[in-house]
Every structure is written in C-alpha cells, then in structure tokens.
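Residue numbers (my numbering): 369 to 576.
Every residue gets a Cβ at the ideal spot worked out from N, C-alpha and C, and that includes glycine.
No experiment lies behind these values; they were computed from the predicted model shown.
The following block contains the structure:
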C-alpha cells in the first residue's frame, strides 16, 4: 500500500522546497503528517476527517490506514517526531552541571528545536481546547517539566528560578507574538533568544 501512495503522489516530492521539507516529502508517513497538519491548521482538528486527508494526498483511505488508523495517531506521531530533539536535549541537560554556559546552550538548542517544530506548536496554540483532550497535551506538559528541571537550579532563590522558567516561555511567546509584527522572522528569533539568554544570565548572577 505504501508503494501505491508513492506512485500516485510522487510528483509532489520534486518541488522546490528546502532540504528538510524535501526529505519529509520523500517519506510517505511524513507526508501524511505534513498534509494532516496543514488541514488541521486550515479548518481545525475536529472538522478534519481522515477522508479529507486522503483526498488532499490523492490516495485511498485504505492506503492512509496502512500508516495511521486515527487522526490522534497522526498528531501523536507528529509530536513524537518533531519534539524528539527536545527529548534528546532534556537527556543531555540532565547530565550537565547547572552552569551558565550549560543553560545558555540549552536555551539556544531549545530555540532551534521550537523553530523546527513551529507548525506543530502553532497547531497546539490555536487548538488548545482540543489538545487538552489529546495525549499530546500530557506529553507536552511532561516535556515542559523536563525543560524546567534542566534550566532551574533548585537551590536558587525563587526569583531566579522564575527567571529561568520565564526564559523558556519567552521562547514560546516569541513564536506567536512576534509573528504578526512585520518583523523579519530571523531578526525576531534573534531578539527573543537574546532576551531568554539575558534571563538565565541574570538568574545565574543572582544565584552566584
């Protein structure tokens, strides 16, 4: 069935997208994820059916079922794939000392990971009520708690702990708040990252 999907939709994979998107298009499972996320963004998760996802891909519903049985399976697989760098970062961070350089590196890598997964996080932001009822809601909460634990020094003053947590949410807020301000995305991302690093720097100096 997977071969059928490739043959019927193979021409789409030769478009002039960037390298990362081309790699995703070359993988049937990932193209299902990408198209599903596009439809979820366009008309909402609840109003999108598996049939519509199959039609957008120009494949049969049976071919889609070969990879995913439900919409939730698609969104969970997307979450697991796109947030794998965050999971890896948490694992790395747990093995590092709570130094300023470690925290700066964590913030930089987290910014990269959020940028790479920005379509997923936009979906989660715009479908918060739905996300709460899906498994990815708890999965996201667990990721955030893991990030909190690697940037917050438990022995620091409460104000400095709040600064470190705020650095994480600064990166999240920057993805959405700066998007509609007419600012170059890379400039906006750089400014947000600078503020986040300033926060962990202040926290470390306060603790020192």
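Separation of residue j from residue i, as counted between CA atoms
{"i": "residue 560", "j": "residue 539", "result": "6 Å"}
{"i": "residue 464", "j": "residue 516", "result": "14 Å"}
{"i": "residue 405", "j": "residue 486", "result": "11 Å"}
{"i": "residue 530", "j": "residue 505", "result": "23 Å"}
{"i": "residue 537", "j": "residue 461", "result": "18 Å"}
{"i": "residue 393", "j": "residue 403", "result": "Residue confidence for residue 393 is low, a pLDDT of 48 falling below 50, so the modelled location carries little weight; the figure read from the coordinates is stated next. Taking the straight line from one Cα to the other gives about 10 Å."}
{"i": "residue 428", "j": "residue 480", "result": "36 Å"}
{"i": "residue 413", "j": "residue 547", "result": "22 Å"}
{"i": "residue 474", "j": "residue 519", "result": "8 Å"}
{"i": "residue 565", "j": "residue 534", "result": "10 Å"}
{"i": "residue 497", "j": "residue 491", "result": "11 Å"}
{"i": "residue 374", "j": "residue 468", "result": "In this prediction, residue 374 scores a pLDDT of 40, lower than 50, which makes its location untrustworthy; the coordinate-derived value is nonetheless stated afterwards. Cα to Cα, the separation comes out at about 48 Å."}
{"i": "residue 420", "j": "residue 454", "result": "31 Å"}
{"i": "residue 514", "j": "residue 426", "result": "40 Å"}
{"i": "residue 494", "j": "residue 545", "result": "13 Å"}
{"i": "residue 470", "j": "residue 431", "result": "46 Å"}
{"i": "residue 439", "j": "residue 489", "result": "17 Å"}
{"i": "residue 466", "j": "residue 521", "result": "6 Å"}
{"i": "residue 569", "j": "residue 422", "result": "49 Å"}
{"i": "residue 315", "j": "residue 507", "result": "One cannot answer for residue 315 here, as it falls past the ends of the chain, which runs 369 to 576."}
{"i": "residue 477", "j": "residue 447", "result": "18 Å"}
{"i": "residue 409", "j": "residue 567", "result": "32 Å"}
Local Cβ density within 10 Å of residue i, reported as buried at 16 or more and exposed below that
{"i": "residue 433", "result": "exposed"}
{"i": "residue 551", "result": "exposed"}
{"i": "residue 417", "result": "exposed"}
{"i": "residue 528", "result": "buried"}
{"i": "residue 543", "result": "buried"}
{"i": "residue 435", "result": "buried"}
{"i": "residue 572", "result": "buried"}
{"i": "residue 558", "result": "exposed"}
{"i": "residue 401", "result": "buried"}
{"i": "residue 396", "result": "buried"}
{"i": "residue 451", "result": "buried"}
{"i": "residue 509", "result": "exposed"}
{"i": "residue 499", "result": "buried"}
{"i": "residue 391", "result": "Any reading at residue 391 is ruled out, since the residue's pLDDT is 49, under 50, leaving its predicted position unreliable."}
{"i": "residue 399", "result": "buried"}
Coarse secondary structure for residue i, derived from DSSP in three states
{"i": "residue 463", "result": "coil"}
{"i": "residue 492", "result": "helix"}
{"i": "residue 503", "result": "helix"}
{"i": "residue 533", "result": "helix"}
{"i": "residue 414", "result": "coil"}
{"i": "residue 549", "result": "coil"}
{"i": "residue 485", "result": "coil"}
{"i": "residue 396", "result": "helix"}
{"i": "residue 568", "result": "helix"}
{"i": "residue 555", "result": "helix"}
{"i": "residue 498", "result": "helix"}
{"i": "residue 560", "result": "helix"}
{"i": "residue 541", "result": "helix"}
{"i": "residue 521", "result": "coil"}
{"i": "residue 427", "result": "coil"}
{"i": "residue 378", "result": "Reliability of the predicted coordinates at residue 378 is poor, the pLDDT of 39 falling under 50, and no value is obtained from them."}
Start-end ranges of the alpha helix (DSSP H) lying completely within the region 434-482, minimum 4 residues: 439-450 and 452-462
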